[in-house]
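Participant: Under our numbering, the residues of the sequence shown are numbered 36 to 237, in order.
We put the beta carbon where it would ideally sit given N, CA and C, even for glycine.
These numbers were taken from a predicted model, which means no experiment stands behind them.
Mind looking over this structure? Questions follow.
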Amino acid sequence: MFITTKVWNADQGYESTLAAFEQSIQKLGLEYLDLYLIHWPVAGKFTETWRAMEKLYQDGRVRAIGVSNFQIHHLQKVMENSSVKPMVNQVEFHPLLTQKDLLAFCRKNQIQLEAWSPLMQGNLDVPLLHDLSSKYGKSPAQIVLRWDLQHQVVTIPKSVTKHRIEENANIFDFELSQEDMNRIDSLNQNKRFGPDPDNFNF
Ligand SMILES: NC(=O)c1ccc[n+]([C@@H]2O[C@H](COP(=O)([O-])OP(=O)(O)OC[C@H]3O[C@@H](n4cnc5c(N)ncnc54)[C@H](OP(=O)(O)O)[C@@H]3O)[C@@H](O)[C@H]2O)c1
């Protein structure tokens, strides 16, 4: 098991992040976390929050620290003011939102991109994904998760269905051609199913 949790927006700031961390770890009944993330880039707060994340990391309370829903400009701001840079950025990422510039920026700066809603919240009824599903003998979900893997993106697909959980883990016995990778990339519509990190009010 690899356990991640995040600091919620209302708890952002230095002292309140440290307190929120203690509460989370107590609720989980753990001594340390594998990964702790800032959930959203709350304006005016997230650099102070990051200072607390650095302290938790330096004190050995977490094995890795990162962020979620950060755009390039948010990452730059954190990196300008810190000694430890984010190790992970968990963002909405899927064939309709391929985030090409953000992915390149994270790769260049050795920040691991992690895809939330990688399966477009179950909206997998896309003709190209069905064509590739027939071609490779894999489900549309497996095609998408393999596309992530070949882009070196970590995924956290969610399912409450046993056979789908197994299916989503079974993506290591085939490889998409570069041409098919490019075809999936070209589905991009900059379409978000979730909130926009540059325009949210919670
Ligand atoms: N950091 C953030 O701000 C943020 C925001 C949103 C979400 N997340 C996290 O991201 C994770 C996943 O996101 P998500 O649940 O929104 O979306 P998702 O993983 O893209 O999609 C989940 C949906 O896809 C269905 N599904 C799963 N596997 C499938 C398969 N093999 N074939 C067909 N359908 C399949 C599930 O149905 P069943 O469950 O019925 O099988 C469920 O309806 C969650 O852990 C969530 O907490 C993070």
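For Gly157, count neighbouring C-beta atoms within 10 Å of its own C-beta (all shown protein chains included) and say buried if the count is 16 or more, exposed if not.
Facilitator: As a first step, residue 157 must be located in the sequence shown, where it is residue number 122. Exposed is the call here.
Participant: Can you name, in chain order, every residue of its own chain whose Cβ lies under 6 Å from the Cβ of Ile10, other than the five neighbours on each side?
Facilitator: Since the first residue shown for the chain is 36 and the last is 237, residue 10 is missing from the structure and cannot be characterised.
Participant: Taking 8 Å as the threshold (C-beta atoms), are Glu127 and Phe228 in contact?
Facilitator: Counting from 1 along the sequence shown, the entry for residue 228 is found at position 193. Counting from 1 along the sequence shown, the entry for residue 127 is found at position 92. Cβ distance < 8 Å, so Phe228 and Glu127 count as in contact.
Participant: Give me the Cα-Cα distance between Met12 and Ser169, rounded to the nearest whole angstrom.
Facilitator: What is shown of the chain runs 36 to 237, which leaves residue 12 out entirely.
Participant: Between Pro232 and the rest of its own chain, which residues show a CB-CB distance below 8 Å, the 5 nearest in sequence each way excluded?
Facilitator: Stepping through the sequence shown from its first residue, residue 232 is reached at position 197. For Pro232, where only same-chain residues beyond five positions count, the Cβ hits under 8 Å are Trp75, Pro76, Asn104, Phe105, Gln106, His109, Val126.
Participant: Is Ala176 near ligand 1, in the sense that its beta carbon is under 7 Å from a heavy atom of that ligand?
Facilitator: Looking up residue 176 in the sequence shown gives position 141. Checking the Cβ of Ala176 against ligand 1 gives yes.
Participant: Can you check whether the CB of Gln185 is closer than 8 Å to the CB of Glu202?
Facilitator: Reading the sequence shown from its first residue, position 167 is the one you call residue 202. Reading the sequence shown from its first residue, position 150 is the one you call residue 185. Not closer than 8 Å, so no.
Participant: In or out: Phe56 buried (at least 16 other Cβ within 10 Å) or exposed?
Facilitator: In the sequence shown, residue 56 corresponds to position 21, counting from 1. When all chains shown are included, Phe56 counts as buried.
Participant: Does the beta-carbon of Val97 have 16 or more other beta-carbons within 10 angstroms, so that it is buried, or is it exposed?
Facilitator: Within the sequence shown, the letter at position 62 stands for residue 97. Buried, since its Cβ has 16 or more Cβ neighbours within 10 Å.
Participant: CB Val119 to CB Gly101, shorter than 8 Å?
Facilitator: Position 84 of the sequence shown, counted from the start, is the residue given in the question as residue 119. Position 66 of the sequence shown, counted from the start, is the residue given in the question as residue 101. No, Cβ-Cβ distance for Val119 and Gly101 is not below 8 Å.
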